[in-house]
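Oh and the sequence shown: position 248 is 258 in the working numbering, straight run, nothing missing. Every residue gets a Cβ at the ideal spot worked out from N, C-alpha and C, and that includes glycine. Working notes, structure below.
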Amino acid sequence: MANKPDAWLLLGRGGLGSAAKNELQALLQSCQQADPHLPMQLAFVDRNQPALPEALDSLRAALAPADLAQLTIVIQPTMVPDEPALRRWLQKVAMRWLASQPEHARPRLVFAQPLLQWDGLVPALLNHLALATAQPDAAAEEGDDGWQTDPVAWSTVPAHQRHVLWCMGPRCVAKGAAVLWPRLSQAVQASAPLKQQLQLLQTSCQYPCNQGPLMIVYPDGVWYGNLDEDSLVPVLKSHIDGSEACTAHRVHPPAPSTSD
């Protein structure tokens with residue numbers, strides 16, 4: 011019989027809304043109710059927080075003062091379909107997190123099998139489909155009288171002069187992009203000049219990942235990188251007023267030279 015892990019991490023992908031996080035949180039809560047003594051944590055690959063390193067930090071704190079070097083943390087990816095390249099990169103993130111820990115306090119990190127490759131999936135899926143036949147017909151669902159049309163507001167273009175494309179790809183999220191996003195949004199909403207000019211949008215991976223967290227301002231086509239909480243608003247304000255005061259964060263094109 012296989013040994014029980016000492017802690018467990020549920021790893022999923024985020025989304026533009028709250029549905030992805032809420033669904034994974036509900037799954038985690040059900041698991042916690044089934045085994046309340048097993049430390050569990052939720053983590054996201056992209057578009058949400060906490061990222062994998064932050065979630066591992068939380069598990070480390072939950073396991074203290076145990077001898078971490080003797081413990082096993084299992085990471086269960088829930089992404090469907092599986093992306094081998096992404097999974098390999100996530101393993102690198104895990105290894106870098108391990109390397110940042112004291113040598114005597116490095117737990118064993120294990121990635122569980124991707125869901126679609128799980129041997130028990132077929133019988134579980136067939137049973138699930140059999141149970142689904144008892145569900146009501148989609149056409150008989152109540153409470154959706156407006157299915158023929160969509161809201162008129164969905165045809166209205168928001169007032170703005172520039173798009174700010176904020177990268178929420180996996181590598182930028184691992185560098186703190188998901189933590190910075192609400193702070194960026196709040197800062198724009200709190201500033202009349204920024205709110206009038208900017209339309210914030212999240213994107214998937216933009217490249218170059220090593221420069222993350224990344225932000226692109228269009229139609230100007232200016233890329234900013236290596237951003238943090240202190241640089242977000244100054245970068246945007248300097249871009250709008252044309253002062254280029256934050257050239258240190260400008261990734262592309264190169265900042266204009268001040269020399270003759």
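query                                                                                                                                                                                   : result
Compute the distance between the beta-carbons of residue 89 and residue 24, then report whether it is under 8 Å.                                                                        : no
So, with DSSP's three-state summary, where would you put residue 260?                                                                                                                   : strand
In chain order, what residues of the same chain lie with their CB nearer than 8 Å to the CB of residue 101, ignoring the 5 residues before and after it?                                : 121
Just to confirm, are residue 26 and residue 158 a CB contact at a threshold of 8 Å?                                                                                                     : no
Secondary structure at residue 219, three-state DSSP: helix, strand or coil?                                                                                                            : helix
Could you check whether the stretch 183-203 touches the stretch 37-44, counting it as contact only if at least three pairs of C-beta atoms, one from each stretch, sit closer than 8 Å? : no
Just curious, the alpha helix (DSSP H) that residue 123 is in, first and last residue?                                                                                                  : It is not in any alpha helix (DSSP H) - residue 123 carries neither H nor E in the DSSP assignment.
I'd like to know if the stretch 74-89 and the stretch 107-116 are in contact, where contact means that at least 3 CB-CB pairs between them fall below 8 Å.                              : yes
Can you confirm whether the stretch 220-231 touches the stretch 178-189 when touching is taken to mean that 3 or more C-beta pairs between the two stretches lie within less than 8 Å?  : yes
Am I right that residue 56 and residue 180 are in contact with their C-beta atoms under 8 Å? What's the rounded C-beta distance?                                                        : 5 Å
Is residue 234 buried or exposed, if buried means 16 or more other CB atoms sit within 10 Å of its CB?                                                                                  : buried
Among 29, 172, 54, whose alpha-carbon lies nearest the alpha-carbon of residue 251?                                                                                                     : 172
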